[in-house]
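Quick note on numbering: full-length UniProt numbering labels position 49 of the sequence shown as 49, and the sequence is numbered without any gaps. Each residue gets a CB set at the ideal place from its N, CA and C atoms; glycine is no exception. Step one of this worksheet: look at the structure below.
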Amino acid sequence: MTRTSTMLRRCRVLVCQGKFGIGDQQIAKLEHSIELPMVRSILLIGGLAVSSALMMGTAPAKRNMPITMADILDTAQGLQGPEIFWGPDGVGLGYEESDIKGYDGFNKFVEAVQQHGLTATLKGPGPFTVFAPTNEVLAEYIINGGQITADLLKYHVVQGIVTTSAFSSANLMTLQGKSLTYRRMYRKDFIDDATPGVKSEGPSKSASWPSDIMCDNGVLHSCNQVLIPGWTPSS
C-alpha cells in the first residue's frame with residue numbers, strides 16, 4: 001500500500017471518529033503525502049456529515065398545539081352568510097342581476113338569543129347543533145307576522161353534533177322538546193321546510209349557505225327558513 005493511501009485511510013479514521021482537532025504536525029505530514037485540497041475536502045465532507053447528524057439528534061420535539069375556536073354565538077356573530085344578489089332591481093343602477101350586492105349575516109339571530117336569555121346555554125359546553133336563520137330570513141318572518149320566542153329559538157338547537165352528512169340518521173330532538181323532521185327531496189336535504197347549507201345553483205339563481213361550521217361547543221348550519229315548532233309535512 002502506498003504512503004498516500006495510508007495517509008488517506010488515517011484521515012478518514014480521524015474524520016469518522018469526529019477528531020477534527022488535528023495538530024499542525026499531523027497536517028504537515030499529510031501535506032507532504034497528499035495534496036492539501038484533498039485533505040480539506042475529506043475533512044469538510046466528514047464535518048458536514050457529523051454536523052448534520054448532530055442537528056438531527058438535537059432537533060426540538062414537536063408540540064401538538066391545541067386548535068382554538070370560538071363558541072357558537074361568537075362564530076355566528078362574525079360569520080359571513082350567503083350572497084345577496086342585485087337581481088332585477090340592479091339593472092337600472094348599472095348592475096347585472098348576478099352581481100353580488102353584499103352578504104347576509106346572523107346578527108339578528110344572535111341578538112334574539114341574547115334577548116331571550118339563551119346566551120349562557122349556547123356559550124356552554126354543549127355540544128350543540130344550531131340551525132341559524134340569517135338576518136333577511138328573520139326579517140321576512142317578522143314582516144309576515146311571525147314572533148320570535150325562546151321556544152322558537154330552542155327549536156333551532158339540537159343536542160350533540162350533527163353534520164350535514166348525518167342529517168338522515170341523526171336524532172334531531174331539539175332543546176324545545178320536539179324533534180325536527182328530515183326529508184330528502186329534489187336532490188336536497190330538508191330539515192322541516194328548510195334546506196340548511198344548500199349550495200348555489202349558479203349566479204343570480206341561488207346563493208351558497210354556509211354549513212358544517214365547527215365551533216368549540218358544536219356545529220353551526222345556516223338556515224333559509226325559520227323553523228317552527230309543530231311543523232308537519234302537511235302544514
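Own chain partners of residue i with C-beta closer than 6 Å, once the 5 adjacent residues on each side are dropped
{"i": "V158", "result": "T129, L172, T174"}
{"i": "Q80", "result": "Y103"}
{"i": "Q77", "result": "V110"}
{"i": "L138", "result": "K108"}
{"i": "L93", "result": "none"}
{"i": "Y155", "result": "T174, Q176, L227, P229"}
Residue i classed as buried or exposed, judged by whether at least 16 other C-beta atoms fall within 10 angstroms
{"i": "Q176", "result": "buried"}
{"i": "D89", "result": "exposed"}
{"i": "E96", "result": "exposed"}
{"i": "V226", "result": "buried"}
{"i": "V113", "result": "buried"}
{"i": "V91", "result": "exposed"}
{"i": "Y186", "result": "exposed"}
{"i": "A120", "result": "exposed"}
{"i": "A53", "result": "With a pLDDT of 43 at A53, under the threshold of 50, the predicted position of this residue should be treated as unreliable, and no value is reported."}
{"i": "G146", "result": "exposed"}
{"i": "D24", "result": "Confidence in D24 is poor, its pLDDT being 48 and thus under 50, which makes the residue's placement unreliable; the coordinate value appears in the next sentence. With fewer than 16 Cβ atoms within 10 Å of its Cβ, D24 is classed as exposed."}
Contact under 8 Å by Cβ, residue i with residue j
{"i": "S179", "j": "P196", "result": "no"}
{"i": "A70", "j": "C215", "result": "yes"}
{"i": "G105", "j": "N135", "result": "yes"}
{"i": "L220", "j": "A132", "result": "yes"}
{"i": "P229", "j": "L152", "result": "yes"}
Neighbourhood of residue i by C-beta, 8 Å cutoff - its chain only, sequence neighbours within 5 removed
{"i": "I142", "result": "I148"}
{"i": "A168", "result": "First, the amino acid is wrong: residue 168 is Ser here, not Ala. Excluding residues within five positions, the ones whose Cβ falls inside 8 Å are Y182, R184, D189."}
{"i": "A150", "result": "H116, G117, L118"}
{"i": "P233", "result": "T181, R183"}
{"i": "T75", "result": "M69, I213, C215, L220"}
{"i": "T164", "result": "D189, P196, G197, S211, D212, H221"}
{"i": "G124", "result": "N217"}
Nonlocal neighbours in the same chain, by C-beta distance under 7 Å from residue i, ignoring five residues either side
{"i": "G218", "result": "I72, G126, P127, F128, T129, V130, I161"}
{"i": "D192", "result": "L180, T181, L227, W231"}
{"i": "A170", "result": "V162"}
{"i": "K199", "result": "S208"}
{"i": "E140", "result": "none"}
Of all the alpha helix (DSSP H) runs that stay within the bounds of the UniProt domain "FAS1" (93-227), which reach a length of 4 or more residues?
-> List check, alpha helix (DSSP H) in window: 107-115, 119-122, 135-143, 150-154.
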